[in-house]
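Mind the numbering: the sequence shown is residues 73 to 171 in my numbering, read in order.
The C-beta atom is built at its ideal place from N, Cα and C for all residues, glycine as well.
Each remark here refers to the structure printed beneath this line.
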Amino acid sequence: GFPAEFAMYINYTKGLRFDESPDYMYLRQLFRILFRTLNHQYDYTFDWTMLKQKSGIALPGPTPQGLNTLALAGQGQGQQEQNASANQAVRAREPLDLI
Numbered sequence: 073g074f075p076a077e078f079a080m081y082i083n084y085t086k087g088l089r090f091d092e093s094p095d096y097m098y099l100r101q102l103f104r105i106l107f108r109t110l111n112h113q114y115d116y117t118f119d120w121t122m123l124k125q126k127s128g129i130a131l132p133g134p135t136p137q138g139l140n141t142l143a144l145a146g147q148g149q150g151q152q153e154q155n156a157s158a159n160q161a162v163r164a165r166e167p168l169d170l171i
């Protein structure tokens, strides 16, 4: 029932020696292609955020969806500046794409 990419991932990791580093670029590309093949959309929703929302724990700061709403509803230069600084704050919290 799983896509072939999962079997490829398991076989690849099983074939690694203990002291051998994985090819993270290959693994990342493997799952990126699968993501696009299945027509998934990146919605900034993760399992751990859904669990926090269900348990009633408030998440700090605006969500990316909330920022889009602010940008659409904003009027005037002051609102645009606030949106720009909020977008920078979200980008600062996102992991860096080093690979």
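>> So for T109, helix, strand or coil by DSSP?
In response: It is helical.
> Is the CB-CB distance between P94 and T85 below 8 Å?
Replying inline: Pairing P94 with T85 gives a Cβ-Cβ distance under 8 Å.
>> Quick check on L99 - is its C-beta less than 8 Å from some C-beta in chain D?
In response: Among the protein chains of the structure shown there is no chain D, as only one such chain exists.
>> Comparing C-alpha positions only, which one of L102, Q125, N111 sits nearest to A79?
In response: Considering only alpha carbons, the answer is L102.
> In chain order, what residues of the same chain have a beta carbon less than 8 Å from the beta carbon of E77, not counting five sequence neighbours either side?
Replying inline: Answer for E77: L102, F103, I105, L106, listed in chain order.
>> In the DSSP assignment, the alpha helix (DSSP H) including E77 goes from what residue to what residue?
In response: Here the alpha helix (DSSP H) through E77 covers 76-86.
> Start and end of the alpha helix (DSSP H) containing T121?
Replying inline: Following the DSSP letters along the chain, one finds T121 inside the alpha helix (DSSP H) bounded by residues 119-127.
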